[in-house]
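Protein sequence lines, in the order shown, are assigned to chains A and B. The working numbering applies: residue 50 is where the first sequence begins, and numbers increase by one. The working numbering applies: residue 50 is where the second sequence begins, and numbers increase by one. We put the beta carbon where it would ideally sit given N, CA and C, even for glycine.
Protein chains: 2
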Amino acid sequence: MPFNARTLALPATIPFVGPEALERRFGRPFLARLGANESVFGPSPLAVEAMSRAARDSWAYGDPEHHALREAIAARLGIRFEEVVVGEGIDGLFGLLAQVALEPGDRALTSLGAYPTFNYHVTGHGGTLDFVPYREDREDVDALIERMRATRPKLVYFANPDNPTGSWHEAEAVRRLMDAVPEGTLLVLDEAYSDLAPATALPSASEIRPNVLRFRTFSKAYGMAGVRVAFVFGAADAVAQFHKVRNHFGVSRMAQAGALAALGDETHLRDTVQRIARARGRLADIAAAAGLRSLPSATNFVAIDCGRDGAYACRVLEGVLGRQVFIRMPGVAPLDRMIRVTVGRDDELDRFAAALRASLAQADA
Amino acid sequence: MPFNARTLALPATIPFVGPEALERRFGRPFLARLGANESVFGPSPLAVEAMSRAARDSWAYGDPEHHALREAIAARLGIRFEEVVVGEGIDGLFGLLAQVALEPGDRALTSLGAYPTFNYHVTGHGGTLDFVPYREDREDVDALIERMRATRPKLVYFANPDNPTGSWHEAEAVRRLMDAVPEGTLLVLDEAYSDLAPATALPSASEIRPNVLRFRTFSKAYGMAGVRVAFVFGAADAVAQFHKVRNHFGVSRMAQAGALAALGDETHLRDTVQRIARARGRLADIAAAAGLRSLPSATNFVAIDCGRDGAYACRVLEGVLGRQVFIRMPGVAPLDRMIRVTVGRDDELDRFAAALRASLAQADA
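Take a look at the structure:
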C-alpha cells in the first residue's frame, strides 16, 4: 500500500478506548462516567450559551488566528499575544509538536506510565521513546534531569499535576527541571490540570524560556472536554513553529466562542474547583472505607491503590465496569496496581462506592 | 531552536488569510462575506438544535470512534462502516494523509493553482510538489495521467468539482483517472463540493479502489464550515492508516451531533442546493452586466474572469474589499486573472454588484 513504512509498522492500538466503545461491547450504558477525567460539573452556563449562539453562526469558518481568544488568554496569564497558540485540544497540539520537532529516530524522554497520547504522537511521527520510572508514585524530577543531561533527547515530557497518579511537584522542582533543559531539547510541560493545582505548584506563566512549551486546556477544570480547545504558550519564536503546520481553521467557531466565554466566568471556575476538591475528598473516604489507600491528588481524579498487583487491580476494574461504572487504570507496572477514578456527583460516587465494595469482594474470592 | 530543519525552513505564510484578519487590518467589518466558500444559507435547523443540545453535554469527550456518524455516512453512501474515517475538516484529514503517506522528499502531483492547503500539508510533512497546468480553466485529466505515469508520485490531487475555478469533470473522466493510478500512488479525490455537483460528475461511492481516497465535508452544501467535520472514504485497509495517527478525540461532541442531524435533514440540503444554484445564476448575471465572463460552476462560488492580467484582477479585488465585500482570487497565473465570489443572499449579491461596478471603473481609470 502507498503509505510510508513508519505508518505501516505502527500498531492499530490507540491510547484510550472511549466509554462508548465499552458500552457497545457490553450492550448496556454506563450509569456513572468516571473514567475519562471529564468534569461532570460541566462548562460555564455562559460558555454553553455562547456555543449555542455560535452554532447558528457556524456556516462561517472560525477566525483562523483565534484573535479574541488568544488576547484573552494572554491577558489572563500576563504574557504576550505572540506567546500563545490555540489548538484542537492538547492531544492535537502534541501531534503538531511531534511534527515540528522530531527528525526520524529522535528521542523523547518521559516517565514510564505517563500520559500515553504524548507517546502515541511521538511514535506516529517517527520518534523513539525513552523512559525513567516513577518514584514513589510521582514523576522523578532528578532522574529526568540526569537522563536528559546524559542522552539529550529532542523532547522531555513532564506533567504537573500528573496523570494518571494525580500527584504534583512544587514550582521549585519544576523550575529546577526547566533550568536543566540542555540546548537542543524542548521541555513539554503538560499543565492540563493546572487550574486544579495549588498555586505553589506552578511557575509563573511569565517565566518564558526559549526551550520550554507549556500546554493548558479547557477540557478539565473548565469542563469542556468535548469541545476541543487548548493552548500552548512559550517563547514567541518557538510557538510560531506551530503556525507553519497547524490546521488553521481547525478550532471550531463554537469552541472559540465557548472558551472565550468560559474565561470570563471566574465564578464558575472557582465553584468547580471547590466541587472537585470536595469530591476528591469523598473518593479518598470511599477508598479508605474499602480498606484501600488513595493517592493525594491535585487533579479531578483520584488514583486508588488496590494494594496488590496489576492482575488484581484489573479484576477490580472489570468488576466496577461490569457494574456499569466507567473508570480506568494505568497501563504499566508498578502504577497498574491502581485504579483511576474521576470525581463525580454524590449519587455517582455512591454508585462507585457500592461497585468498588462488591468488586473487591469478588476479586478477593 | 530544537525544531526539525524541515519546519525551520518552512515559510510563515499560510494558505488563506481569514476575513477577520482583513477586518482588523482595515479597521472595519465586511458587510458581505463572499470569499471563503461558506454557505450563508446556514446549517439545517435540526443540526443547530443538535449542536445546542450537545453544547450542554460538552463536559464529556465525543465518541472517539464516531460510531453513529460513521454508520450514518456509510448507510447514506452505500459503503461499509470500515470504509469511512471522520476528521476535523478535509484540511485536518489532508494533514494526516501527508503524515501517513509521505517519506521525506516524496512527490505530490497537483494542478498549478489548485487548492493550496493540500500543498501546505504536503510541504509541512516534507513532501515536494509537482504541477501540471490547468487547461481551459479546468484540471487537465490527461496531463495528470501522463505525468503520474511518468513520475509515479506518492500522491495525486484532483478536486471534482474544482476550487478555485468551480469547474467539474464527468464521472467518466474521473474514472479514467482512477483507473490510471499506478501502484505505489494514492489518488486524493477532493469532493468537498460533491453535494453541489450534477450526479453525472460523481463515480458511485461504492466504486472503492485500493489506491483512491475520497474526501467529503459538511462545510459546503451542509453549511457547517465553522463546525469542522469531514470524512474520507476508501478501501478499509487504506483508511485504517488514519486511525493509527489521528487525534482520536479531535472531532467535537457538537460536531458529531450536528453532522448526524444534518445528514437526517435532506429537505434542507435540497433547498440549499437550489438556493445556491439560483445565486450562482445571479452572480453570472452580475458578471455579464459588468461586461465580464464568468465560468460555469458546480460549487457554491463563481469565478469571474476580469479579462486582463493578474495585476488588473488584483486591483478589482482590492476595490471590492475596500467596499466592505469580502471575496478572494486565485493566487497563480493564469487563473489569477479571475476573482472568486461565493454565493450569498440577494442583498449581499446586490452589494457585490455595486462594488464590482465601482471597482472596475476605478481599475480601468
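Alpha-carbon to alpha-carbon, residue j and residue i
i         : j         : result
B/Ala-304 : B/Asp-244 : 19 Å
A/Val-171 : A/Phe-401 : 35 Å
B/Thr-391 : B/Ala-157 : 28 Å
A/Arg-187 : A/Ala-414 : 31 Å
B/Met-100 : B/His-115 : 15 Å
B/Arg-302 : A/Ala-326 : 26 Å
B/Gly-418 : B/Leu-405 : Here chain B has residues from 50 to 414 only, and residue 418 of chain B is not among them.
B/Val-276 : B/Gly-67  : 16 Å
A/Gln-373 : A/Arg-389 : 15 Å
A/Ser-160 : B/Thr-316 : 53 Å
B/Phe-143 : A/Pro-259 : 31 Å
B/Phe-90  : B/Ala-222 : 31 Å
B/Val-3   : B/Glu-219 : Outside the modelled stretch of chain B, which goes from 50 to 414, sits residue 3 of chain B, for which no answer is possible.
B/Val-288 : B/Leu-370 : 41 Å
B/Phe-130 : A/Tyr-169 : 24 Å
B/Leu-312 : A/Ala-310 : 30 Å
A/Phe-280 : A/Phe-264 : 6 Å
B/Ala-61  : A/Glu-256 : 26 Å
B/Pro-231 : B/Glu-195 : 11 Å
Same chain, Cβ closer than 7 Å to residue i, neighbours up to 5 away in sequence not counted
i         : result
B/Arg-364 : Ala-412
A/Ala-461 : Missing from the structure shown is residue 461 of chain A; chain A here goes from 50 to 414 and no further.
A/Val-294 : Leu-145, Gln-148, Val-149
Opposing strand residues paired with residue i [DSSP bridges]
i         : result
B/Ala-103 : According to DSSP, which records beta bridges pairwise, B/Ala-103 is partnered with nothing at all.
B/Val-351 : B/Val-390
A/Thr-321 : None; A/Thr-321 has no bridge partner.
B/Leu-80  : Answer is none; B/Leu-80 lacks a bridge partner.
B/Leu-178 : B/Ala-157
B/Asp-239 : B/Ala-208, B/Phe-264
B/Gly-144 : Per DSSP, none; premise fails for B/Gly-144.
B/Val-135 : B/Phe-280
A/Cys-377 : A quick correction: the sequence has Arg, not Cys, at residue 377 of chain A. According to DSSP, A/Arg-377 bridges with A/Arg-389.
B/Arg-342 : B/Asp-354
Short CB-CB distance (under 7 Å) between residue i and chain B
i         : result
A/Glu-293 : According to the sequence displayed, residue 293 of chain A carries Lys and not Glu. For A/Lys-293, the answer is yes, since a Cβ of chain B falls inside 7 Å of its Cβ.
A/Thr-159 : no
A/Gly-299 : yes
A/Leu-235 : yes
A/Val-149 : yes
A/Leu-59  : yes
A/Ser-253 : no
A/Gly-283 : no
A/Ala-109 : yes
A/Gln-290 : yes
A/Gly-173 : yes
A/Val-276 : yes
A/Ile-63  : yes
A/Asn-168 : no
A/Val-97  : yes
Min CB distance residue i to chain A below 7 Å
i         : result
B/Ala-246 : no
B/Phe-32  : Because chain B spans 50 through 414 in this model, residue 32 of chain B falls outside it and cannot be assessed.
B/Glu-152 : yes
B/Met-378 : no
B/Glu-195 : no
B/Thr-56  : yes
B/Glu-137 : yes
B/Asp-140 : yes
B/Gly-393 : no
Spatial neighbours of residue i in its chain, beta-carbon cut-off 6 Å, leaving aside the 5 residues before and after
i         : result
B/Ala-246 : Pro-210, Trp-217, Ala-347
B/Asp-155 : Gly-176, Lys-203
A/Tyr-242 : Pro-210, Lys-269, Thr-348
B/His-297 : Pro-113
B/Leu-384 : Gly-162
Proximal residues to residue i (C-beta, below 8 Å), its chain only, five neighbours per side dropped
i         : result
B/Ala-333 : Ser-343, Val-351
A/Phe-167 : Phe-143, Ala-157, Thr-159, Tyr-206, Val-237, Asp-239
B/Gly-307 : Pro-92, Ala-96, Val-97, Ala-99, Met-100, Ala-103, Phe-267, Met-273, Val-276, Val-278
B/Leu-251 : Asn-209, Ala-220, Val-223, Glu-240, Ser-243
Quiz prompt | Chain-ordered residues of the stretch 112–131 of chain B with a beta carbon less than 8 Å from chain A | solution = Asp-112, Pro-113, Glu-114, His-116
Exercise. Taking a Cβ distance cut-off of 9 Å, strictly less, list which residues of the stretch 344–367 of chain A are near chain B, in chain order.
Key: none
Quiz prompt | Proximal residues, the stretch 220–231 of chain B versus chain A, C-beta separation under 7 Å | solution = none
Exercise. Check each residue of the stretch 198–212 of chain A: if its Cβ is closer than 7 Å to any Cβ of chain B, include it; give the result in chain order.
Key: Lys-203
Quiz item: Which residues, taken in chain order from the stretch 81–95 of chain B, show a beta carbon closer than 8 Å to some beta carbon of chain A?
Solution: Arg-82, Ala-85, Glu-87, Ser-88, Val-89, Phe-90, Gly-91, Pro-92
Quiz item: When you check each C-beta in the stretch 69–81 of chain A against every C-beta of chain B, which residues fall closer than 8 Å?
Solution: Glu-69, Ala-70, Arg-73
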